[in-house]
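Here's the structure, in structure tokens; my notes come after.
Residue numbers (our numbering), protein chains in the order written: chain Z, 37 to 539; chain L, 37 to 539.
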């Protein structure tokens with residue numbers, strides 16, 4: 037990883053295993069410093085722009101991405117093999133995210149303005165509080181969304197919206213796509229009046245470490261592996277000035293099928309599970325890694341049939357394929373695991389096959405530390421439980437996940453059990469899904485894409501949805517400040533018409 | 037500090053230097069574990085209580101503190117020598133904080149409920165997001181507010197309000213007071229229906245380390261020194277499961293006097309500064325450590341006279357007195373510092389005298405690392421600046437502080453300079469004060485008592501005011517969840533009538 041003779045990063049086709057796309061030079065220490073300093077210089081200008089002007093710049097970036105759709109999809113498909121339909125949708129999701137944050141800025145509620153009037157009877161001064169940009173931000177791209185969680189993805193969009201310039205560490209899985217997106221978005225921002233240096237790109241493993249240790253960087257956003265995330269979290273915490281590290285790491289996403297649902301719609305559930313497990317070759321942080329089903333009944337066999345009928349394609353990189361195969365081999369050695377089904381792999385160079393094991397709840401609970409670890413890819417455990425009481429005890433001990441799902445049939449008497457399961461999952465997951473599958477994360481105001489450790493390093497925050505902007509904001513209070521010197525968000529007349537609390 | 041032969045902690049009178057109050061046993065490792073486990077058992081019960089019931093319990097605790105006023109003030113005055121008037125006011129502030137958080141709970145806005153309706157046209161599900169309690173919390177008491185930042189202070193009140201049981205590590209400066217407050221508040225909470233274990237107290241240096249490393253503890257609140265805070269922050273970050281550490285450490289609180297104000301009201305400013313610097317023997321985290329005044333004019337000499345006329349009393353502990361004297365000795369060795377004034381010390385055993393030095397802006401800027409460090413106690417630097425342009429460059433380089441203050445006279449032409457100073461301070465301090473002094477922190481909705489590193493370890497949060505509850509909350513989203521199984525905060529009918537965003 038740190039071979040200093042490698043002077044460039046180049047993509048590899050998951051279909052052929054051959055190099056693809058233009059090579060991208062690895063950033064030198066001087067280039068990382070220059071990028072962080074450029075972001076630092078841009079910060080006072082970008083953060084001081086009226087929110088409405090930042091909103092216009094984000095919309096210009098969104099328009100530029102949409103206009104480059106054909107070029108971008110071709111580049112990304114060569115490097116990721118995710119296919120044109122998926123990548124076309126992902127560009128739209130990415131430009132949509134930029135537009136959502138423009139909406140967040142115009143709404144103005146994101147500053148959480150609070151005005152407490154002076155109270156002469158207690159000598160209390162006039163106090164007005166709002167949130168403002170934190171400083172320059174580093175963003176680590178993810179492999180599995182070359183647009184939506186990459187150079188101009190949710191981390192970048194929310195940080196730019198907050199007023200924070202960004203330095204992106206490109207993912208080595210799609211280097212040419214990253215360069216193209218950076219060029220297009222930085223150009224659009226510049227034309228829309230943003231200062232030079234508001235979006236910067238660096239490449240290479242060592243650039244990442246240098247970036248999080250750079251004194252100009254004030255926060256880090258990350259989506260990736262547990263090992264990589266923990267290492268960067270530790271670097272952030274050990275700095276002379278520690279900075280927040282918002283990392284989304286691994287998640288096993290428990291799914292519970294309650295007895296009534298299992299009895300009423302076993303076939304539909306088996307198909308739904310196999311579809312969610314294998315979607316995108318299982319390369320989603322919300323992949324359903326643990327399926328809890330009642331003992332007995334036809335569901336387990338139906339799951340076996342459904343998964344055996346699935347074929348999955350190439351993983352994004354050879355490293356990820358190797359990681360999947362290694363984890364599958366580890367699980368293959370666990371005596372209590374019985375292979376329930378194996379699907380097929382396409383003939384892509386990095387292809388892997390789906391694999392599902394089954395085991396009883398008791399055996400799972402006894403090996404929670406080993407079996408509760410994420411397997412990134414289309415692999416899952418089907419855990420059979422004897423009764424809901426035993427189940428909820430184990431659910432309450434699960435490692436933190438981004439999501440938890442419950443399949444229930446109220447008419448078949450599942451409601452009390454659903455309530456018990458919800459009480460157990462509520463403190464173990466960030467999003468609770470009823471009669472649905474965890475893959476698919478809607479970009480909207482109420483989304484929460486976060487969860488307890490180890491699914492994220494900061495369970496207070498989300499990386500998807502309008503409140504993702506919270507990560508890049510810090511409060512400031514003005515005491516007895518003259519109205520004409522206050523930011524417009526806090527002036528008496530509320531000239532921006534934003535939601536505020538007074539009291 | 038870690039002498040294991042010390043089996044108890046006992047207070048010392050700052051007036052006489054003699055032991056005072058009952059000795060309090062140091063907590064054993066088993067006792068720390070039992071306290072954390074008690075909090076863990078209380079968590080599901082306390083966090084699941086309706087917010088209105090938690091509000092009633094907080095009000096019962098407030099009433100119980102007020103009812104014990106005489107006993108509490110006597111205990112605390114013996115251990116801290118802060119005097120009856122100040123301590124009487126502080127008990128009222130403490131019960132007032134508990135009542136403010138009851139108001140926060142009834143208001144309901146603290147859960148930040150957001151409802152995004154389903155959109156069949158894009159297959160978007162129904163999503164509803166709110167915030168809920170994080171888990172059991174450890175609180176480290178401060179020395180300088182034996183009630184308001186101690187066992188039942190702002191950290192504890194906000195955590196309990198959020199639904200988080202608390203284990204307090206008592207401050208060794210007021211052990212008997214801590215035991216009495218814990219007994220009174222825990223008893224009142226229990227009588228009001230709170231589960232056993234919702235408030236627990238541990239004592240001793242080693243208990244603190246064991247507490248932050250305990251797996252049941254999910255977050256830590258701290259007010260204290262830079263060294264202690266950094267050590268505990270590092271422990272929290274190094275845990276197998278890292279947890280947030282909300283530490284308020286040191287702050288130099290720059291105060292700028294602009295030329296017009298200096299010309300128009302020099303005497304008033306000199307008196308105001310001397311009063312703020314020496315209030316409570318300077319033992320406030322908002323103590324004005326740096327005063328920037330224009331070169332020339334009578335203000336510097338008036339400051340010298342005002343400070344020379346002040347006498348200060350005992351510091352809270354012998355360790356704090358020794359720390360003050362050591363820092364004063366270090367500053368005494370700095371060649372560019374000229375002693376401007378020394379005040380008098382009372383004949384209390386732990387008394388210290390106020391001391392102020394002066395130096396030019398250029399010399400200060402050249403030694404920013406040394407001179408920008410907090411001196412806890414009644415000591416300050418008076419820094420003379422040649423012009424506002426030079427001043428703002430240095431202000432932008434200051435270490436992070438809780439507060440920054442500007443004294444301006446708009447009629448005398450200070451407004452443009454005030455705007456420049458505000459722009460420079462805005463990203464270096466958490467609260468900006470106009471024509472006032474930083475000591476005095478109003479407990480209200482709009483207060484922000486936080487700031488950039490090293491004034492706090494988490495600049496996104498405040499430890500005073502209604503939004504202090506934010507530290508103990510994590511979001512959870514419900515997707516397509518049946519209305520009758522949702523928490524009342526998210527149900528269609530909004531039965532609690534709380535503020536929510538829909539869209």
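Positions of the beta carbon are idealized from the N, C-alpha and C atoms, including for glycine.
Here the structure is a predicted model, which is why all the values come from computation and not from measurement.
Margin query: Let me see if you follow: with CB-CB separation under 8 angstroms, is residue 137 of chain L close to chain Z or not?
Written below: no
Check: Quick one, which residues of the region 511-533 of chain Z are near chain L if we go by CB-CB under 7 angstroms, in chain order?
Finding: 511, 512, 513, 514, 515, 516, 517, 518, 521
Next item on the list: Taking only the alpha-carbon atoms, compute the straight-line gap between residue 55 of chain L and residue 74 of chain Z and give it to the nearest angstrom.
Entry: 58 angstroms
Notebook entry, point to check: Near residue 46 of chain L, what residues of its chain come up, given a Cβ to Cβ distance below 6 angstroms and the 5 sequence neighbours on each side ignored?
Noted result: 55, 59
Notebook entry, point to check: Exposed or buried, what is residue 44 of chain L when buried is set at 16 or more other beta-carbons lying within 10 Å of its beta-carbon?
Noted result: exposed
Checklist line | Separation of residue 219 of chain Z from residue 411 of chain Z, as counted between CA atoms | finding: 35 angstroms
Check: Of all the CB atoms in chain Z, is at least one closer than 8 angstroms to the CB of residue 181 of chain L?
Finding: no
Checklist line | Inside the region 483-530 of chain Z only - beta strand (DSSP E) runs reaching at least 3 residues | finding: 509-515
Note to self: Less than 8 angstroms between CB atoms is the rule here; does residue 151 of chain L satisfy it with respect to chain Z?
What the structure shows: yes
Margin query: Using CA atoms only, rank isn't needed, just tell me which of Z:89, Z:86, Z:124 is closest to residue 103 of chain Z.
Written below: Z:124
Item checked: Cutoff 7 angstroms; reference residue 246 of chain Z; Cβ partners in own chain excluding five residues on either side -> 65, 68
Next item on the list: Give the range of the beta strand (DSSP E) segment to which residue 58 of chain L is assigned.
Entry: 55-61
Checklist line | Alpha-carbon spacing of residue 454 of chain L relative to residue 224 of chain L, whole angstroms | finding: 49 angstroms
Note to self: Any beta carbon of chain Z sitting closer than 8 angstroms to that of residue 211 of chain L?
What the structure shows: no
Item checked: Complete beta strand (DSSP E) runs within the region 368-445 of chain Z (minimum length 3 residues, chain order) -> 374-378, 391-396, 415-421, 437-443
Checklist line | Through-space distance from residue 189 of chain Z to residue 321 of chain Z, alpha-carbon basis | finding: 15 angstroms
Notebook entry, point to check: Is residue 456 of chain Z helix, strand or coil by DSSP?
Noted result: helix
Next item on the list: Give the DSSP-derived three-state secondary structure of residue 161 of chain Z in the structure shown.
Entry: coil
Next item on the list: Grab the span of the alpha helix (DSSP H) containing residue 80 of chain Z for me, first residue to last.
Entry: 65-84
Checklist line | Pairwise C-alpha distance: residue 421 of chain L and residue 326 of chain L | finding: 12 angstroms
Check: When DSSP labels each residue in this structure, what does residue 537 of chain L get in the three-state scheme?
Finding: strand
Check: Where does the unbroken beta strand (DSSP E) through residue 290 of chain Z begin, and where does it stop?
Finding: 290-293
Check: For the putative contact between residue 483 of chain Z and residue 501 of chain Z, defined by C-beta atoms under 8 angstroms, what is the C-beta separation to the nearest angstrom?
Finding: 3 angstroms
Notebook entry, point to check: What are the uninterrupted segments assigned as alpha helix (DSSP H) that are 4 or more residues long and contained completely in the region 329-357 of chain Z, given in chain order?
Noted result: 335-344
Margin query: Rounded to whole angstroms, what is the Cα-Cα separation between residue 284 of chain Z and residue 259 of chain Z?
Written below: 5 angstroms
Item checked: Buried or exposed (CB count within 10 angstroms, at least 16 for buried), residue 51 of chain Z -> buried
Note to self: Please classify residue 404 of chain Z as buried or exposed, where buried requires at least 16 neighbouring CB atoms within 10 angstroms.
What the structure shows: exposed
Next item on the list: Can you give me, in chain order, the residues of the region 385-406 of chain Z that have a beta carbon less than 8 angstroms from any beta carbon in chain L?
Entry: none
Notebook entry, point to check: At a Cβ threshold of 8 angstroms, is residue 130 of chain L touching chain Z?
Noted result: no
Margin query: If we require 4 or more residues per run, which alpha helix (DSSP H) segments fall completely within the region 113-180 of chain Z?
Written below: 120-143
Notebook entry, point to check: Sorted by chain position, which residues of the same chain lie with C-beta nearer than 6 angstroms to residue 349 of chain L's C-beta, five sequence neighbours on each side aside?
Noted result: 317, 382, 384, 387
Item checked: Inter-residue Cα distance where the pair is residue 228 of chain L and residue 479 of chain L -> 25 angstroms
Margin query: Going by DSSP in three states, residue 220 of chain L sits in which element: helix, strand or coil?
Written below: helix
Check: Would you say residue 415 of chain Z and residue 392 of chain Z are within 8 angstroms of each other, going by their C-beta atoms?
Finding: yes
Next item on the list: Identify the continuous beta strand (DSSP E) that holds residue 44 of chain L and give its terminal residues.
Entry: 44-48
Next item on the list: Check whether the Cβ of residue 146 of chain L lies closer than 8 angstroms to any Cβ atom in chain Z.
Entry: no
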